[in-house]
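Numbering (the working numbering), first residue to last: 91 to 554.
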Amino acid sequence: MPRGNILGVGSQHTCEERAPASGIILGMSPNQTGVPPRTVPGMRDLLPDETPTWGRLERIARVVSIQRGYARVVTPILEPTELFARGVGEATDIVEKEMYTFTDKGDRSVTLRPEATASVVRAYFQGGLNQGPQPARLWYEGPMFRYDRPQAGRYRQFFQYGIEAIGSDSPWLDVEVIEVAADWLAKCGVTGTRLQLNSIGDGNCRPAYREALRDHFRPHLAEMCDDDKRRFDTNPLRLLDCKKTSCTPFQVDAPSPIDYLCEPCREHHAVVEAGLKGLGIEYDANPRLVRGLDYYTRTAFEFWHVDLEGAQNALGGGGRYDGLAETLGFAATPAVGFAMGADRVVLALQRQGAAAPPPRLAVYVIPTVSDAALPAARLARDLRAEGWSVVLDAGDRSLKARMRQAQKMGADAVVIIGEEELKSGRVVIRDMAAAGQREVASEDLAREVDRILDSSAPAEGGEA
Ligand code: AMP
Numbered sequence: 091m092p093r094g095n096i097l098g099v100g101s102q103h104t105c106e107e108r109a110p111a112s113g114i115i116l117g118m119s120p121n122q123t124g125v126p127p128r129t130v131p132g133m134r135d136l137l138p139d140e141t142p143t144w145g146r147l148e149r150i151a152r153v154v155s156i157q158r159g160y161a162r163v164v165t166p167i168l169e170p171t172e173l174f175a176r177g178v179g180e181a182t183d184i185v186e187k188e189m190y191t192f193t194d195k196g197d198r199s200v201t202l203r204p205e206a207t208a209s210v211v212r213a214y215f216q217g218g219l220n221q222g223p224q225p226a227r228l229w230y231e232g233p234m235f236r237y238d239r240p241q242a243g244r245y246r247q248f249f250q251y252g253i254e255a256i257g258s259d260s261p262w263l264d265v266e267v268i269e270v271a272a273d274w275l276a277k278c279g280v281t282g283t284r285l286q287l288n289s290i291g292d293g294n295c296r297p298a299y300r301e302a303l304r305d306h307f308r309p310h311l312a313e314m315c316d317d318d319k320r321r322f323d324t325n326p327l328r329l330l331d332c333k334k335t336s337c338t339p340f341q342v343d344a345p346s347p348i349d350y351l352c353e354p355c356r357e358h359h360a361v362v363e364a365g366l367k368g369l370g371i372e373y374d375a376n377p378r379l380v381r382g383l384d385y386y387t388r389t390a391f392e393f394w395h396v397d398l399e400g401a402q403n404a405l406g407g408g409g410r411y412d413g414l415a416e417t418l419g420f421a422a423t424p425a426v427g428f429a430m431g432a433d434r435v436v437l438a439l440q441r442q443g444a445a446a447p448p449p450r451l452a453v454y455v456i457p458t459v460s461d462a463a464l465p466a467a468r469l470a471r472d473l474r475a476e477g478w479s480v481v482l483d484a485g486d487r488s489l490k491a492r493m494r495q496a497q498k499m500g501a502d503a504v505v506i507i508g509e510e511e512l513k514s515g516r517v518v519i520r521d522m523a524a525a526g527q528r529e530v531a532s533e534d535l536a537r538e539v540d541r542i543l544d545s546s547a548p549a550e551g552g553e554a
């Protein structure tokens with residue numbers, strides 16, 4: 091029996107329960123028995139040829155965050171459904187169609203997080219960070235889950251790096267947050283991005299803008315898609331961000347929110363624009379860019395990539411959400427943040443030919459007789475203590491097969507210890523790039539490895 095009811099994947103079964111005697115997986119239909127399991131549609135493994143690039147993105151996320159005083163938070167992947175229903179908003183595609191929601195054994199409705207902002211705001215209050223220095227500068231990274239239509243750049247499990255600055259309404263914080271995102275993208279090496287910037291006002295000025303939008307779209311409503319017909323009543327700002335060809339023509343001359351900003355929102359936006367210009371961060375003023383929920387206020391931004399296709403061209407985005415804390419039932423607290431999608435950044439880097447190389451393997455150690463296994467293990471340990479990456483291959487394949495393996499793994503040097511070497515206390519070391527080898531005393535080995543690494547092509551070591 092399937093456990094729980096995962097919305098949208100109701101026809102799938104869990105494979106948790108195994109009958110020990112027969113080995114049959116309970117909950118699978120008979121014709122599925124024996125078929126090796128694969129990933130759930132829209133979810134994927136990140137394999138070693140890709141993980142160095144992911145590792146680099148994570149390291150840069152950590153560095154650019156810490157450099158600006160952002161501290162890391164890790165929130166649960168599973169949260170009460172209500173957090174997102176309230177925090178992301180009932181009238182969004184995410185909550186309406188895309189959440190992985192199920193009932194746990196305690197009869198609670200829980201959801202795999204589709205985004206992290208609501209969780210971070212919850213953690214800020216639940217963990218007492220609202221009592222500490224303000225604003226709290228926080229960053230996170232990790233997997234998010236949305237039951238969306240899978241395609242290149244769109245997955246059901248994807249990864250975000252994000253920051254949230256909670257507890258200040260200063261426009262300089264908007265500038266800071268945008269600058270962090272821009273710096274992360276630049277340090278990751280992504281080229282061809284354009285920052286899109288807009289201001290969507292606040293509770294004061296947005297009602298008039300909303301009405302102006304309704305006036306604009308009303309005559310075209312009959313020709314627009316069903317989603318937009320609904321949005322016309324519930325959330326007219328989102329009429330600006332529908333991607334359907336039936337609707338986009340009517341967006342072209344829609345009123346711009348900038349023209350409806352009240353004085354405080356206009357001043358806020360002016361500081362953000364001046365700050366970005368002063369820091370040399372280029373942007374396109376984009377009056378169609380919206381974050382279509384009431385608690386989003388003022389600044390909205392996205393980073394678009396010029397080459398990624400259609401709806402997948404947004405590498406990330408964010409904005410000010412001064413109303414979110416209150417919507418969740420906490421004290422009103424201004425905040426601003428972003429979420430960048432790592433999957434799309436990796437995709438962009440791969441297409442640029444800028445994926446990270448695998449970690450450098452310095453030495454491959456091969457004992458050729460069983461008595462040499464322990465001395466080889468000690469030698470490998472000593473070389474690692476020098477800071478090098480070392481693989482010990484004490485298997486019983488032929489020397490030739492193991493040399494081939496060392497080559498495939500990109501080792502700079504191979505160290506061979508056999509019967510002769512055991513007696514003499516010397517080892518053979520082979521420089522793989524120069525294809526030459528020599529015998530050295532064990533105590534001189536580290537120096538020889540150093541020499542080989544220095545002389546071989548400058549292979550920038552990647553990270554896992
Ligand atoms: P959002 O939270 O919708 O503003 O998304 C922020 C960023 O997360 C997007 O710009 C994407 O880079 C990434 N993202 C969102 N949804 C997906 C998805 N289904 N697959 C891959 N990346 C995603």
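Ideal placement from N, C-alpha and C gives every residue a C-beta, glycine not left out.
Computed from a prediction, not measured in an experiment: that's the story for all the values here.
Any non-hydrogen atom of the ligand AMP within 8 Å of residue i CB
{"i": "leucine 439", "result": "no"}
{"i": "leucine 405", "result": "yes"}
{"i": "phenylalanine 391", "result": "no"}
{"i": "tyrosine 245", "result": "yes"}
{"i": "arginine 434", "result": "yes"}
{"i": "methionine 430", "result": "yes"}
{"i": "glutamine 250", "result": "yes"}
{"i": "glutamate 205", "result": "yes"}
{"i": "aspartate 412", "result": "no"}
{"i": "arginine 236", "result": "yes"}
Neighbour-count burial assignment, residue i, 16 or more Cβ in a 10 Å radius
{"i": "glutamate 186", "result": "exposed"}
{"i": "valine 125", "result": "exposed"}
{"i": "glycine 485", "result": "exposed"}
{"i": "methionine 430", "result": "buried"}
{"i": "glycine 113", "result": "Low local confidence applies: a pLDDT of 40 at glycine 113 is under 50, so the model's placement there is unreliable, with the coordinate-based value given in what follows. Classification of glycine 113: exposed, given that the 10 Å Cβ count is below 16."}
{"i": "glutamine 250", "result": "buried"}
{"i": "aspartate 139", "result": "exposed"}
{"i": "alanine 364", "result": "exposed"}
{"i": "alanine 525", "result": "exposed"}
{"i": "isoleucine 96", "result": "Note that isoleucine 96 scores a pLDDT of 31, beneath 50, so its modelled location is shaky; the value from the coordinates is reported in the next line. Buried, by the Cβ-count rule."}
{"i": "serine 545", "result": "exposed"}
{"i": "aspartate 502", "result": "buried"}
{"i": "glycine 368", "result": "exposed"}
{"i": "aspartate 194", "result": "exposed"}
{"i": "isoleucine 290", "result": "buried"}
{"i": "proline 262", "result": "Strictly speaking, residue 262 in this sequence is tryptophan, with proline absent from that position. Tryptophan 262 is exposed by the Cβ-count criterion."}
{"i": "leucine 535", "result": "buried"}
{"i": "valine 153", "result": "exposed"}
{"i": "serine 514", "result": "exposed"}
Proximity winner among the options, relative to residue i (alpha-carbon distances)
{"i": "valine 481", "options": "Leu330, Met234, Arg450", "result": "Arg450"}
{"i": "serine 346", "options": "Asn288, Ala438, Val436", "result": "Asn288"}
{"i": "leucine 137", "options": "Ala467, Val436, Ser479", "result": "Val436"}
{"i": "isoleucine 342", "options": "Pro377, Leu351, Trp478, Cys315", "result": "Sequence check: residue 342 is valine here, not isoleucine. Ranking the options by Cα distance to valine 342, first place goes to Pro377."}
{"i": "cysteine 278", "options": "Glu254, Glu148, Tyr386", "result": "Glu148"}
{"i": "valine 163", "options": "Asp461, Ala213, Arg128, Thr201", "result": "Ala213"}
{"i": "aspartate 555", "options": "Leu285, Glu313, Ser479", "result": "Since the first residue of the chain shown is 91 and the last is 554, residue 555 is not available in this structure."}
{"i": "alanine 360", "options": "Phe307, Thr389, Ala467, Val518", "result": "Thr389"}
{"i": "valine 362", "options": "Arg239, Val426, Gly413, Val518", "result": "Val426"}
{"i": "lysine 334", "options": "Asp316, Thr324, Gln224", "result": "Asp316"}
{"i": "leucine 398", "options": "Arg128, Glu205, Gly282, Thr182", "result": "Gly282"}
{"i": "leucine 340", "options": "Asp259, His310, Arg468, Pro457", "result": "Note on residue identity: the sequence assigns phenylalanine, not leucine, to residue 340. Minimum Cα distance to phenylalanine 340 is reached at His310."}
{"i": "serine 155", "options": "Arg494, Leu543, Ile253, Gly177", "result": "Ile253"}
{"i": "alanine 523", "options": "Ala475, Ala496, Ile507, Arg487", "result": "Ala496"}
{"i": "arginine 239", "options": "Ala276, Ala208, Met189", "result": "Met189"}
{"i": "tryptophan 229", "options": "Ile150, Arg296, Ser199", "result": "Ile150"}
{"i": "valine 396", "options": "Gln224, Gln527, Asp374", "result": "Asp374"}
Any C-beta of chain B under 9 Å from that of residue i
{"i": "arginine 520", "result": "This model lacks chain B altogether, as it is built from one protein chain only."}
Presumed contact (8 Å Cβ cut-off) between residue i and residue j, rounded CB distance
{"i": "alanine 415", "j": "valine 280", "result": "Incorrect: roughly 32 Å between the Cβ atoms, too far for contact."}
{"i": "glutamine 216", "j": "methionine 133", "result": "That pair is no contact at about 29 Å."}
{"i": "phenylalanine 428", "j": "alanine 272", "result": "10 Å between Cβ atoms; not a contact."}
{"i": "alanine 143", "j": "aspartate 292", "result": "Before going further, note that residue 143 is threonine rather than alanine in the sequence given. Between aspartate 292 and threonine 143 the Cβ distance is about 39 Å, and since that is not below 8 Å, they are no contact."}
{"i": "glycine 159", "j": "arginine 244", "result": "About 33 Å; that fails the 8 Å criterion."}
{"i": "glutamate 392", "j": "glutamine 286", "result": "5 Å"}
Check: residue i C-beta below 8 Å from any heavy atom of the ligand GDP
{"i": "arginine 198", "result": "In terms of ligand content, the structure shown lacks the ligand GDP and carries the ligand AMP instead."}
* Asked: Curious, which full-length beta strand (DSSP E) runs of at least 3 residues does the segment 513-539 contain?
  -> The segment 513-539 contains, as complete beta strand (DSSP E) runs of 3+ residues, the segments 516-521, 526-531 (chain order).
* Runs of beta strand (DSSP E) lying entirely within the segment 224-309, each at least 3 residues, in chain order -> Listed in chain order, the beta strand (DSSP E) runs fully inside the segment 224-309 are 226-235, 247-256, 283-289, counting runs of at least 3 residues.
* May I have a chain-ordered list of the alpha helix (DSSP H) segments no shorter than 4 residues that lie completely inside the segment 127-172? => Segments of the alpha helix (DSSP H) lying fully in the segment 127-172: 141-156.
* Asked: Can you list the beta strand (DSSP E) stretches of 3 or more residues lying completely in the segment 456-508, in chain order?
  -> Assignment of beta strand (DSSP E) within the segment 456-508, counting only whole runs of 3 or more residues, yields 480-482, 503-507 in chain order.
* Runs of alpha helix (DSSP H) wholly within the segment 190-229 (minimum 4 residues, chain order) -> Note on the segment 190-229: whole alpha helix (DSSP H) runs with a minimum of 4 residues are 207-216, in chain order.
* Runs of alpha helix (DSSP H) lying entirely within the segment 398-443, each at least 4 residues, in chain order -> Entirely contained in the segment 398-443, the alpha helix (DSSP H) runs reaching 4 residues are, in chain order, 414-417, 432-441.
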